[in-house]
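Every position in the sequence shown, counted from 1, becomes a number in this note's numbering once 63 is added. All residues carry an ideal CB built from backbone N, CA and C; glycine is no exception. Since we're looking at a predicted model, the values are computed, not measured. What follows is a set of notes on a single structure, which appears directly below.
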Amino acid sequence: MRDLEGVVSNGEMLCVLGPPGSGCSTFLKTMACDSDAGFRVQPGTKLNFGGVTAWDMRTLFCGEAVYTAESDIHFPSLPVAETLYFAARARAPRTPPGGLSPHDYALAVRDVTMAMLGISHTAGTKVGDDMIRGVSGGERKRVSIAEAALSFAPMQCWDNSTRGLDSATTVDFC
């Protein structure tokens with residue numbers, strides 16, 4: 064990829080389109096400062112996140128820009144509720160609103176997120192993978208969406224995020 068430049072303002076959604084192998088995933092990983100992705104950004108490349116450099120995003124603001132891959136990779140033997148509780152607890156504020164403990168806050172946002180995505184009924188079911196029986200493929204995709212949403216990252220880069228979802232769920236996601 065060469066000679067790219069652009070601006071995405073707060074609250075805007077940018078759709079990156081291209082055929083397989085065109086660099087869409089690489090672009091998204093670069094925007095999320097995913098430096099362990101197996102590629103190098105050429106020296107002299109300038110990334111600016113509202114006045115914050117890419118180096119600062121990667122080091123000082125780790126977790127404020129996230130990349131969600133196309134594949135749904137989870138701990139397959141964990142139930143959905145535990146998987147999402149971990150994600151919610153990882154980003155729970157030290158002093159949650161309403162006098163809640165961080166534990167109760169994480170439970171509440173996890174439960175609301177599961178309800179919004181229609182996966183509350185899977186709470187006790189293992190996430191699963193190709194080897195361990197678990198939730199369906201569409202439900203696993205919604206677990207991935209919930210996990211990324213629970214990061215509360217202001218910048219989220221989603222790679223083929225609706226693969227495997229029906230059209231109604233895809234519209235709801237967008």
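For this session: Pair every Cβ in the region 118-125 with every Cβ in the region 171-184, then say whether three or more of these pairs are closer than 8 Å.
Result: With a cut-off of 8 Å, the region 171-184 and the region 118-125 do not count as touching, because too few Cβ pairs lie within range.
Provide the residue(s) that pair with Trp-241 in DSSP beta bridges, ordered along the chain.
The shown model of the chain, from 64 to 237, leaves out residue 241, and the question about it has no answer.
Quiz item: Would you report the Cα separation of Arg-201 and Val-129, rounded to the nearest angstrom?
Solution: It is Gly, not Arg, that sits at residue 201 in the sequence shown. C-alpha of Gly-201 to C-alpha of Val-129: approximately 21 Å in a straight line.
Which residues share a DSSP beta bridge with Tyr-130?
Looking at the DSSP assignment, Tyr-130 forms a beta bridge with Cys-220.
Margin query: According to DSSP, Asn-111 sits in a beta bridge with which residue or residues?
Written below: Partner(s): Thr-116.
Query raised in the report: Just how far apart, CA to CA, sit Met-94 and Asn-223?
Result: Approximately 15 Å, taken between the alpha carbons.
From the DSSP secondary-structure annotation, give me the bridge partner or partners of Pro-142.
Beta-bridge pairing links Pro-142 to Lys-189.
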